[in-house]
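Numbering (our numbering), first residue to last: 213 to 691. Presented below is the structure to which this report refers.
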């Protein structure tokens, strides 16, 4: 079978390659980038494609995306004046890609073409495996589940777990892990793990470049390690924690639109043999969909957090508060327990804005929010209600404890000098109103209204006080 070669690029660069190829027995077709892009859908693919152009943006933005759509396994030889590091980002998506740089040695160039051709023939069985795998996945309705379950199922971790379980149906491994990349900490976090390592690695983290998964994340290329103990990149720390003996490792990065999302790592292939190229191709065939799913889930969670969060203080907002309070009220009714609600308003805060400006006023509100968070309990739910008003939901808490907590916050706010870093040392006070279910109110709206009314009673009586619905003022300094 003869080798057909399609040479793409600008004519001045093509000439050198054409001269060499014309002296061989290859069938050579020439095309510029425009013709290739325009006629690709009607193009009968050759044995090998040679790209002759130093414009790497053309390679990355036109050639490779078109090839990925049609056939990922066609060998591509890049003939370039550029050095290899500049081409690495473009090489990774295609299965068979090599680079050849000037000066050209004819025998080396032709040998490389023959080598690529042989490799492409050997991948025929791999392509059949991928086709079969994709068909199986389709029959399992997995891809549909990936797309729809994000919206339909709120337990997102279960979705990912199920998807990853399917992978081990195709690639038999003793253990696998999904590591998510945290952009803030620049670390990989073991989010989900299965098999012999299980929960032992939960929340274990790796630096970029640390271990095989860290290396895969740093360089964004898939990797097969036949014998982990002989590989310098292997990090023994995880094995020490899990008492697991890693043999071979298979890992691939999860990337969406150039952004690293995480890494899938399979450890120790069942049956004693190391992972091979078949396993890698199956994993890569599925990993794109997992990466997209992960990004969608993260976006969904981020959107949900933003919709529930006050953008200035980072506390919950009024909308989230109402939903949470309604839920907590139902729990309190079912369990026959208390729930208290604190309504807090800063005293004369308008004076702060008038004297120091609204920008500094906003900074004060952020510092006040931090004080409340520090003084409240871990399970208390804090929200900015609007303007300079804050509220706290105290699940399972009676009026007496609620008054103690409100008084602690009142005293702390009065004691703190705000905007100290700007050497302004602003002092403010706050007024508090408290209502408790079931003593003071039975419904969500009534609980808020009664607490609000108690807070206004504090406002009318010299401010800087804690008022309990039905009881009046708490003597100051009793905490």
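No residue lacks a Cβ here, since even glycine has one placed at the ideal position from N, Cα and C.
Look at the Cβ atom of residue i, then the Cβ atom of residue j, and state whether they are nearer than 8 Å.
i	j	result
residue 405	residue 438	no
residue 622	residue 642	yes
residue 554	residue 644	yes
residue 467	residue 425	no
residue 527	residue 581	yes
residue 479	residue 458	yes
residue 473	residue 419	no
residue 391	residue 450	no
residue 448	residue 386	no
residue 445	residue 423	yes
residue 719	residue 606	This structure cannot speak to residue 719, because the chain is shown only from 213 to 691.
residue 596	residue 522	yes
residue 564	residue 640	yes
residue 671	residue 557	yes
residue 226	residue 242	yes
residue 559	residue 664	no
Just reading off the alpha helix (DSSP H) that residue i is part of, what are its end residues?
i	result
residue 575	570-587
residue 627	611-627
residue 262	Careful: residue 262 lies outside any alpha helix (DSSP H), inside the beta strand (DSSP E) at 260-264.
residue 215	Neither: residue 215 is in no alpha helix (DSSP H) and is coded neither H nor E.
residue 428	423-431
Could you have a look at residue i and say whether DSSP puts it in helix, strand or coil?
i	result
residue 544	helix
residue 665	helix
residue 417	strand
residue 194	Residue 194 is absent from the structure shown; the chain starts at 213 and stops at 691.
residue 227	helix
residue 403	strand
residue 521	strand
residue 447	coil
residue 636	coil
residue 631	coil
residue 672	helix
residue 318	helix
residue 726	It is not possible to answer for residue 726, since the shown part of the chain is limited to 213 through 691.
residue 507	helix
residue 539	helix
residue 329	helix
residue 691	Only weak support is given to the placement of residue 691: the predicted model assigns it a pLDDT of 47, under 50, and the value that follows is read from those uncertain coordinates. Coil, per DSSP.
Could you tell me which residues DSSP pairs with residue i in its beta bridges?
i	result
residue 474	392 and 466
residue 596	602
residue 374	Looking at the DSSP assignment, residue 374 forms no beta bridge with any residue, so it has no partner.
residue 642	558
residue 647	553
residue 481	385
residue 221	264
residue 436	462
residue 564	Bridge partners of residue 564: none, in fact.
residue 607	551
Excluding the 5 residues preceding and the 5 following residue i in the sequence, name in chain order all residues of the same chain whose CB lies nearer than 7 Å to its CB.
i	result
residue 550	544, 608, 609, 610, 648 and 649
residue 662	647, 652, 653 and 681
residue 394	401
residue 591	607
residue 499	464, 466 and 476
Considering just the uninterrupted stretch of the beta strand (DSSP E) at residue i, what are its terminal residues?
i	result
residue 551	551-558
residue 240	239-243
residue 528	No beta strand (DSSP E) contains residue 528, which DSSP labels as neither H nor E.
Leaving aside the five residues before and after residue i along the sequence, list all residues of the same chain whose C-beta is less than 8 Å from its C-beta, in chain order.
i	result
residue 341	With a pLDDT of 49 at residue 341, under the threshold of 50, the predicted position of this residue should be treated as unreliable, though the coordinate-derived value follows. The residues are 490, 493 and 494.
residue 631	568, 572, 575, 576, 579, 637 and 638
residue 655	541
residue 598	530
residue 260	215, 216, 217, 218, 286, 287, 288, 289, 325, 328, 329 and 332
residue 399	393, 417, 418, 419 and 420
Might you give, ordered along the chain, the residues of its own chain that have their beta carbon closer than 6 Å to the beta carbon of residue i, omitting 5 neighbours on each side?
i	result
residue 535	none
residue 318	232
residue 443	437
residue 363	Unreliable positioning characterises residue 363 in this predicted model, as indicated by a pLDDT of 40, which lies under 50. The coordinate reading is nonetheless provided below. Same-chain partners within the cutoff: there are none.
residue 561	600
residue 389	402, 405 and 477
residue 416	402
residue 679	645, 666, 669, 670 and 685
Mind checking if residue i is an interface residue toward chain C, Cβ cutoff 8 Å exclusive?
i	result
residue 261	Included in the structure is just one protein chain, with no chain C present.
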